[in-house]
Amino acid sequence: MSLKKPIPKMMVGRYAGVEVDKLPNSYLRWIITQNFPKSILEAAQKKLKESDYNDLYLNVSRHAIDMYSKRFLYKWLDNGKTMEDSDGLATFITKAAQEAWDKGTDVSKHRHQDDGIVKEWAGIKWIFGVNPNYPDYRDVITVMDSTNE
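Remember, this note's numbering sits 17 above the position in the sequence shown when you count from 1.
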């Protein structure tokens with residue numbers, strides 16, 4: 018007789034009462050960056066690892082997409098590809114954010130532990146949220162022009 022661990026349920030928000038393994042991956046990526054109980058974080062990470070649609074462990078917030086489109090849309094439009102051959106805007110931004118994370122200069126000020134990590138790359142400051150318990154999962158909170166302080 019095997020005892021199966023019960024799947025934890027979300028306690029708050031629009032998915033309150035829903036088992037973690039039934040949540041969309043975009044929401045699971047956000048969960049990983051927050052301070053939820055360990056059982057919820059572990060269930061979210063397990064589901065993402067098992068998912069066929071797991072792609073990059075990088076969530077780009079709606080705010081970040083809005084700010085990118087207002088400030089840097091030309092980078093997507095001028096990428097040298099036709100619209101049919103180009104990545105969609107969200108994928109393009111996610112790939113650019115991953116490149117900034119991998120190659121960018123850390124310009125974080127670290128006033129306190131919850132400030133996030135700021136990476137400067139290709140004229141953009143990318144502000145990342147990272148949960149120290151799951152450093153492979155990141156959120157892009159927003160983007161700024163690196164020439165403006």
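For every residue, glycine included, the Cβ atom is placed at its ideal position computed from N, Cα and C.
query	result
For Arg-88, the residue or residues it bridges with in DSSP	Its beta-bridge partners do not exist; DSSP assigns none.
Proximity of Ile-158 and Gly-121 at Cβ, strictly below 8 Å	no
Residues that Ile-160 bridges to, as DSSP identifies them	In the sequence as displayed, the identity of residue 160 is Val instead of Ile. Its beta-bridge partners are Trp-143.
Span separating the alpha-carbon of Met-27 from that of Leu-58	11 Å
Beta bridge counterpart(s) of Val-77 as assigned by DSSP	Val-157
Thr-122, DSSP secondary structure in three states	strand
8 Å contact criterion, which Lys-136 and Asp-153 should meet: CB distance rounded	Their Cβ separation, rounded to whole angstroms, is 16 Å, which puts Lys-136 and Asp-153 out of contact at 8 Å.
Integer Cβ distance of Val-160 from Tyr-44, believed to fall under 8 Å	Not really, about 22 Å apart at Cβ, beyond 8 Å.
Endpoints, the alpha helix (DSSP H) within which Ile-49 is located	42–49
Three-state secondary structure (DSSP) of Ile-134	strand
Counterpart residues of Glu-36 in DSSP-defined beta bridges	Lys-26
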